[in-house]
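Novice: Please read through the structure below; I'll follow up with questions.
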Amino acid sequence: RQMIENCSVFKNLAASSIIAIMHRLEETIAIPGEAIIVQGSVGDQMYFISNGVVKVILHKVETGEVVELTEMHRGAAFGEMAVLLEEGTSVRSCGIVAKTFCELNI
1438 RQMIENCSVF KNLAASSIIA IMHRLEETIA IPGEAIIVQG SVGDQMYFIS NGVVKVILHK
1498 VETGEVVELT EMHRGAAFGE MAVLLEEGTS VRSCGIVAKT FCELNI
């Protein structure tokens, strides 16, 4: 519940709405090196990190360079634009790769 409440997208939701979101979440795992989000793909889900570390990466098309922008840890959320924008219109601006074994809620 705390992960949802801490996410800026859901900060002002009523407790009943947060509970409804909790009941819809599904657990999944990612292994080190696994691409969770591919830059440029169309998003339809957001993720909460229950355990583990992910890397946020940017592929610079013009140079072919891949840059690690930051890391995200337990309690963080990513991919929230996919739930804010009209379905099928959210193109992922960065990639997300598991750095460690990760437990995620979708």
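So the working numbering is basically just the index in the sequence shown, starting at one, shifted up by 1437.
Just so you know, even glycine gets a beta-carbon here, dropped at the ideal spot from N, CA and C.
Distance check for residue 1500 and residue 1521, CA to CA, integer angstroms please.
Specialist: 31 angstroms
Novice: On a Cα-Cα basis, can you pick out the residue from 1515, 1441 and 1533 that is closest to residue 1495?
Specialist: 1533
Novice: Does the distance from the CB of residue 1514 to the CB of residue 1538 come in under 9 angstroms?
Specialist: When the beta-carbon positions are compared, residue 1514 and residue 1538 stay at least 9 angstroms from each other.
Novice: Would you check if there are 3 or more beta carbon pairs closer than 8 angstroms linking the stretch 1502-1516 to the stretch 1469-1488?
Specialist: Because the criterion of three Cβ pairs below 8 angstroms is met, the stretch 1502-1516 and the stretch 1469-1488 touch.
Novice: To which residues does DSSP link residue 1531 through a beta bridge?
Specialist: Paired residue(s): none; residue 1531 is not in a bridge.
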